[in-house]
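The sequence shown begins at 1 in UniProt numbering and counts up one residue at a time.
For reference, the structure is listed below as structure tokens.
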Amino acid sequence: MRHLKKGNKLGRTPSHRKATLASLSIALIKEHRIVTTLPKAKELRTFVEPLITKAKTDTSHKRRQVFSKLNDKQAVSHLFDEVAQKAMDRPGGYTRVVKLGYRSGDDAQMAVVELVDYNDIKPKDSKKKKRTRRAGKSKKTTGTSEAAESASSQTSASEEE
């Protein structure tokens, strides 16, 4: 019985599982958003969140602890310098898992894992283009109406004579 056994084994040996989660975390830290299967996404969330919490206090001891899990200097420096600074005021829940659907090849359920503070799907600064009528179009309509008015006034004036 698996009572109180935390985590999904993902069908891998412990060393392979550790390497898989480390490589997924490195990709998530560098890219801020990755697409993977749902079980891997859920496991990745439990693996990455404590690392981000450790990165919020920037000490050499915490850097060594995170490096022992990731084994990538660039990812560790990016995590401590950028990701942790954005997540400083957040008390937890640094990642979001969004279900996508099923992969066509093997029908595996897919999901997007993203860092919450980096959701730039729709930029806030995007301004809608103002649509104005072209000057040529409005002049033509006013020009024809003025011409029609002047023609009608001329015909009415000629009829009065």
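In this text, a Cβ means the ideal position worked out from N, Cα and C, and glycines have one as well.
Roughly how far, in whole angstroms, is the beta-carbon of residue i from the beta-carbon of residue j, given that I think they are within contact range, below 8 Å?
i: Arg33; j: Val112; result: 6 Å
i: Ala22; j: Asn71; result: 6 Å
i: Val76; j: Val83; result: That pair is no contact at about 10 Å.
i: Ser15; j: Leu51; result: With a Cβ gap of about 19 Å, Ser15 and Leu51 do not count as contacting.
i: Asp117; j: Ala87; result: 6 Å
i: Glu79; j: Ala55; result: In the sequence as displayed, the identity of residue 79 is Leu instead of Glu. Sure, about 5 Å apart at Cβ, within 8 Å.
i: Arg17; j: Lys6; result: No, Arg17 and Lys6 are not in contact; Cβ-Cβ is about 13 Å, not under 8 Å.
i: Met110; j: Thr37; result: 6 Å
Look up residue i in the DSSP assignment and give the residues it is bridged to.
i: Val112; result: Val35, Val98
At which residues does the alpha helix (DSSP H) containing residue i begin and terminate?
i: Arg131; result: Run containing Arg131: none; DSSP gives neither H nor E here.
i: His61; result: 60 to 70
i: Lys5; result: Run containing Lys5: none; DSSP gives neither H nor E here.
i: Ala75; result: 73 to 78
Quick check on the burial criterion: 16 or more other C-beta atoms within 10 angstroms. Buried or exposed for residue i?
i: Glu43; result: buried
i: Leu4; result: exposed
i: Val48; result: buried
i: Tyr94; result: buried
i: Glu114; result: buried
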